[in-house]
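Counting from 1155, one number per residue, gives the positions in the sequence shown under the numbering used here. Even for Gly, the Cβ is constructed at its ideal location relative to N, Cα and C. Remarks on the structure that follows.
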Amino acid sequence: MAKIGKCSLMAMMLWCLSSVTALAGVLTGELDKPEGTIEDQFVYTLIIQGSFDDEVNFPAIDGIEARAAGKSQNISIVNGKYSREVQVQFVLTPAKVGTFTIPALKLKVDGKDMQTLPLEMKVLDANATPSQGQGQGAAGGAQATRGEESGIFVERTFAKTSAYVGEAIGVKIRVFNRVKVVGAQPDFKYPSAFQVKNVEGQKSFTQMRNGNEYNVTELDAVLIPTREGDFAIEPAILVARVAVNRRQRSRSFFDDMMGSTEMQEKRLRTEPGNLKILPLPLEGRRKDFSGLIGEFAMTAGLSPRSGNAGDTLNLTVNVQGQGSSSSMSDLNLPFNSSVAKVYKDKPEGREDIDGDKGITSEKTFKYAIVPNKPGTFPLGKLVVQTFNPSKGAYQDLEVDLGTIEIGGQALAQAPAPAAASASSTTPAPPLPKTPARNDQKSVELMAKDLVEPHASRLLKGNDRLTQTDWMIAGGLILAAAGAMGASAWIAATRSPADDQLRAQRANKAFKSSKKELEAAHQCLQKQDLAAALRMAQGCFKNYTGAKFGVSGAAVTLRDIEGFLRAKAVDRDTLVELREVWSALDQMIYAPPLGQNPVRGEEYNLHFLMGQTTDKLDTSFPRPPETALLLDQWASERELLIISVIFFVFASTLISYSILKMRLRPAAISLGLVFFLVSAYSATSLVYKTKFAPPLGAVSTPKLEAYSGPTQSVVIFELHAGAPFQILETTGDWVKIGLSDQKTGWVRKEGIASFGSEHIILPPNVSSKS
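See below:
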């Protein structure tokens, strides 16, 4: 017997050793293609057979942009042998042409240090043809580029390659395609020395190219250089998702059923460009140069041209033409200030951006001229110096302002200072002696003040408290005292009979809830889920009202336990409450008999998000100005309570500071701090309820997201519990956004959401429940 035991033990050890040997870890790296163009993307797959704990990271390679594309795993147990295979994929996007080496990736698999073999990838120019496709590309003709062969390419043209500083340069980017494009993301970069103004909208038309008709989409912009120099412009990049035909040698019946196209992401780019920016010449440039660069014209109008001294004459000067007028300086009017006073208004301007004409701008200056004395005065010529890039020289815009006829009497001038008259070398002539007269001449009203008279109450500053201040402070104090008095009165008037009746209801609450729960269980066995949920919810409301004297509401177990601790309820009641709560949870979240267990999980949004298999984060991108708001850490009810409590505290402290002079600085400071906290909480509450996108989750085992509000092209898939934000709603379609900033359109029947303005539930769930 002992000999048989030893043989059995030896055989078991040999079997374990063979199993371990058969399941030794393996680490392999694969590249989908060794050669491609700069418009292609490469897929690197890391295959791991065995167990590992470290995170897989792709090494940094100069000229290659890598991003994680996903992870999949396969676990199998055959004849008692356990095996696990994990595949991690990375998408490699080349940024330049050349040959790149992917270094060995190191990882510890099954406790052993392993590494892959280094791989080499070759990136060719966009117009080149990879070696594996030379046989097919030769038949296409030597003049056809690779972009034209693929059915989509991008071109960029500049209106001019040499310009002066401040001169507008038109840019046209055209996307040629004769394939189905699902979506595109532009990546147009220009040096910081250029101000970029994009033209709103886009142009669409068709054009023939090498015997093929293309749909052309034109995107226009205008560049304004701010400094001179030679600048290299990076290629304009467009990342597009297109539908291409699968490469198959023969068609079958399943091709017609499943379709013969697949989605590919192409990174299209234009040729790089060079722009030479010239400085403005110093020769001929005056100190009063206006800053206008382009071809402009100037007009002026004065109305009226006659009047009395002290009247207002309106002068309007308009400058318009080709070029930007935003940097134009103020005008230098030619007439002397001793003739008239000038009041300048704020200039008005506009700019129209066009891809063909560049920038067409207009600027209007308005002045109010008030003459000081009567007579005929020529206003002279207004001269504005501009720079004309087409001629490469400065030009003057001239307009004659004409003359004005002024009548009436001269306005009184301010007397010269005494110091100035004393320092004069020529003695002043003696003043004639006039007898004193009692009848003085009344003051003549020469002109009205342009500013309305101030109210007397605004000119009398008073730091003392007024009767209104005391009334407001007294009202706040009386309101707080009244609330405390009302609470005391309610507590004092509560009769012992009411307390005894409330105690009887509390004692019978658990027995009554058990009967209602048994009836709800019977409905659940009959697969009448809606009735069971209604009875369970009614049971909970009745139990809560009987125990604590409040109406049932949507509260959590944490809220109930906090209420129990505040009321000093005994331990037995706490145990009973947890039993009722657990039974209610089982009924709400348990699946109906004979159905898929996933169906029962559709009724709780947070429970759904906890079951997701997609690697998605629940922290969604938000505007930088809202990063410090409290809405991401507190609920709407908590924010409202915080805001109200701190506002009451602030009002109380400020009222107290009015009455107590000695403690006024400390009370006001602390009250302002409380008021700021209240305003901060209120701002967070307003953002959470009015501006933050509502949160949702997938309520079906699998949900497909489309590129638009129609069942057109599937761009990604989500599984049960995947979280998202609702960005837009159109009919039965909802636009969602993921934490990785992907967006798509899904149907309402596959999601669950509880927003501030609308509630979206699966079709088998009633909104009343």
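CB of residue i within 8 Å of CB of residue j, strictly
i       : j       : result
Asp1506 : Thr1514 : yes
Phe1828 : Ala1804 : yes
Val1335 : Val1370 : no
Glu1274 : Arg1423 : no
Lys1326 : Glu1372 : yes
Ser1835 : Leu1793 : yes
Ser1226 : Ser1237 : no
Ala1249 : Glu1209 : no
Gly1320 : Ser1478 : yes
Leu1181 : Gln1241 : no
Ser1492 : Asn1542 : no
Gly1534 : Leu1565 : no
Ile1306 : Val1245 : no
Gly1850 : Phe1870 : no
Val1353 : Asp1508 : yes
Where the beta strand (DSSP E) through residue i begins and ends
i       : result
Thr1860 : The amino acid at residue 1860 is misidentified as Thr; the sequence shows Tyr. Segment Lys1856 to Gly1862, the beta strand (DSSP E) holding Tyr1860.
Ala1347 : Here Ala1347 belongs to no beta strand (DSSP E), and DSSP marks it neither H nor E.
Phe1541 : Lys1535 to Asn1542
Asn1369 : Asn1366 to Pro1379
Gly1885 : That residue, Gly1885, is in no beta strand (DSSP E); it is neither H nor E in DSSP.
Tyr1548 : Ala1547 to Asp1554
Arg1238 : Lys1235 to Pro1248
Asn1468 : Leu1467 to Gln1476
Leu1892 : No beta strand (DSSP E) contains Leu1892, which DSSP labels as neither H nor E.
Pro1213 : Note, Pro1213: premise wrong, no beta strand (DSSP E); not H, not E.
Arg1504 : Glu1502 to Asp1508
Ala1874 : Here Ala1874 belongs to no beta strand (DSSP E), and DSSP marks it neither H nor E.
Leu1446 : Phe1443 to Ile1447
Burial state of residue i (16 or more Cβ within 10 Å)
i       : result
His1760 : Bear in mind that the predicted position of His1760 carries a pLDDT of just 49, short of 50, making it unreliable; the figure below should be weighed with that in mind. Counting Cβ neighbours within 10 Å, His1760 comes out exposed, since fewer than 16 surround it.
Tyr1929 : Any property of residue 1929 remains undetermined from this structure, which presents the chain solely from 1155 to 1923.
Lys1842 : buried
Ala1570 : In this prediction, Ala1570 scores a pLDDT of 45, lower than 50, which makes its location untrustworthy; no coordinate-derived value is stated.
Met1362 : exposed
Lys1856 : exposed
Val1729 : exposed
Gln1679 : exposed
Arg1421 : buried
Ser1667 : buried
Ser1907 : buried
Gln1203 : buried
Met1482 : buried
Met1625 : exposed
Asp1374 : buried
Lys1511 : exposed
Reference residue i; option with closest CA among the options
i       : options                               : result
Leu1487 : Asp1508, Ala1522, Gly1477 and Ser1480 : Ala1522
Ala1451 : Thr1424, Glu1552 and Phe1244          : Glu1552
Lys1902 : Ala1859, Leu1892, Ser1893 and Gln1895 : Ala1859
Thr1837 : Leu1826, Gly1448, Ser1797 and Leu1200 : Ser1797
Val1376 : Gln1476, Gly1891 and Gly1183          : Gln1476
Lys1500 : Thr1884, Leu1392 and Leu1469          : Leu1469
Gly1438 : Ser1823, Thr1540 and Asn1364          : Thr1540
Val1734 : Met1689, Leu1671, Leu1718 and Gln1679 : Leu1671
Asn1462 : Pro1426, Glu1559, Gly1337 and Leu1485 : Glu1559
Ala1282 : Lys1343, Gly1190 and Tyr1198          : Gly1190
Ala1454 : Glu1882, Asn1472, Val1868 and Ile1431 : Asn1472
Ile1391 : Ala1280, Glu1882, Arg1381 and Ala1547 : Ala1280
Asp1264 : Ser1205, Asp1484, Met1417 and Thr1530 : Ser1205
Thr1315 : Gly1337, Gly1427, Thr1557 and Asp1374 : Gly1427
Ala1338 : Phe1254, Val1277, Gln1418 and Phe1489 : Gln1418
Gly1217 : Arg1381, Val1277 and Leu1446          : Val1277
Lys1844 : Tyr1368, Leu1881, Val1888 and Leu1830 : Leu1881
Any non-hydrogen atom of the ligand SAH within 7 Å of residue i CB
i       : result
His1675 : Looking at this structure, you won't find the ligand SAH or any other ligand, since it has none at all.
For residue i, the residue or residues it bridges with in DSSP
i       : result
Lys1326 : Thr1311 and Asp1374
Ser1460 : Glu1559
Tyr1834 : Answer is none; Tyr1834 lacks a bridge partner.
Tyr1841 : DSSP, once it has assigned bridges, lists no residue as partnering Tyr1841.
Gln1339 : Val1393
Phe1359 : Val1370
Tyr1497 : Ala1522
Asn1428 : Ala1386
Glu1903 : None, per the DSSP bridge assignment.
Closer than 8 Å to chain C by CB, residue i
i       : result
Leu1718 : The chain inventory of the structure shown lacks chain C, comprising one protein chain alone.
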